[in-house]
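So the sequence shown is numbered by the numbering used here: it starts at 841 and just counts up by one.
A short worksheet on the structure shown next.
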Amino acid sequence: MMKAINKSNEHVLAGGACFNEKADSYLVYVQNDDRNDQTQAISIHNQPRKVTGASFFVFSGTLKSSSGYLAKSSIMEDGVMVQITAENMDSLKQALREMKDFSITCGKADAEDPQEHIHIQWVDDDKNVSKGVVSPIDGKSMETITHVKIFHGSECKANGKVIRWTEVFFLENDDQHNCLSDPADHSRLTEHVTKAFCLALCPHLKLLKEDGMTKLGLRVTLDSDQVGYQAGRNGQHLPSQYMNDLDSALVPVIHGGACQLSEGSVVMELIVIFKSCHSHLNHQQLAS
């Protein structure tokens, strides 16, 4: 969210939306037989629509105070756009920075009853997104573990195959924000470790594919008493033939990260997958 705010211009704040399992209907943008585009809502058969999901949101701070409206909301393709005043946009961004809820009243300023309310609410982490996920290294359940899906992470291509980083799980994260001198160091370390892992395995992608190893895990431990890594697939450690290249690539990066450690420990597990280059890769496949 902070990236979206910092990269947005003065008047617009936009973002993509994750799939909402609680929604009983969803906005879709379709083209009919006459080649006219229109928005529709697909829903569960014979069930009333109570919660409608959308694919994105846009807040536009270009509404003039002289328009006579407090705010306006509208459906745009398969998303939602909310027009607010510049003052409201500043307040919204400040609330998001402070992780506070924020409400917007829509409708005409002189109306007795507003048309609707827009509520931006902070909620607890969704623990169901990792349901059924297990570690490729030892088969350990990853449910309820804090993690982040990666949609634009490191990737390497070789021998007609592509290997890509898709998720990172924080197995020990009580002190992770205090462990590194700068929170950005944690992101950089994760990115550097993953890039080294992918590059080391690039020469072996064909062999890994032949052996059925299409989903791999890398667990990195940074602690005052222990610094190291484990790599595995299908609940077992990677065979020894891959370890020399992994040691050469990972050991310098991991020990460099350990030098930035101030106190506490960091244990994270990275998930990478690879497929044929000609396969259609999309966010939903990569996160599955």
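Ideal Cβ placement from N, Cα and C applies to all residues, glycine included.
The structure presented is a predicted model; accordingly, all values stated were derived computationally and were not measured.
- The continuous alpha helix (DSSP H) containing I845 extends over residues 842 to 847.
- Note that the region 870 to 886 does not touch the region 897 to 912; fewer than 3 beta-carbon pairs, one per stretch, sit closer than 8 Å.
- In the DSSP assignment, I915 is bridged to V920.
- If you ignore the 5 residues before and after D978, its C-beta comes within less than 7 Å of the C-beta of G1072, G1075, all in its own chain and listed in chain order.
- For S1080, the three-state secondary structure derived from DSSP is helix.
- Within the same chain, and ignoring the five residues on either side of M1108 in sequence, the residues whose Cβ sits closer than 7 Å to its Cβ are V1008, F1009, F1010, L1011, T1030, V1060.
- Look at the beta carbons and you see the region 935 to 949 not touching the region 859 to 879: under three pairs across the two are nearer than 8 Å.
- Restricting attention to V1106, L1048, R875, the CA atom closest to the CA of D1063 is found in V1106.
- Comparing C-alpha distances from N849 to each of T986, A926, L1086 shows the shortest one belongs to A926.
- About 39 Å separates the CB atoms of I958 and V1112; that is not less than 8 Å, and the two are not in contact.
- Pairing K980 with G1052, the inter-Cα distance amounts to about 20 Å.
- A863 places its beta carbon 8 Å or farther from that of G908.
- In the structure shown, V1093 falls within a helical segment according to DSSP collapsed to helix, strand and coil.
- In the structure shown, the three-state DSSP call for R1004 is strand.
- In this structure A911 is in contact with I944, their Cβ atoms being roughly 5 Å apart against a cut-off of 8 Å.
- In the three-state scheme derived from DSSP, where H, G and I count as helix and E and B as strand, S895 is classed as coil.
- DSSP lists T945 as the bridge partner or partners of H957.
- According to DSSP, residue pairing for E1109 in a beta bridge involves F1009, R1059.
- Counted as a single uninterrupted DSSP element, the beta strand (DSSP E) harbouring D877 occupies residues 877 to 883.
- With a cutoff of 8 Å on beta-carbon distance, V963 and A1036 are scored as not near each other.
- The beta carbon of V974 sits closer than 7 Å to those of K980, S981, M982, all from its chain and outside the five residues before and after it, given in chain order.
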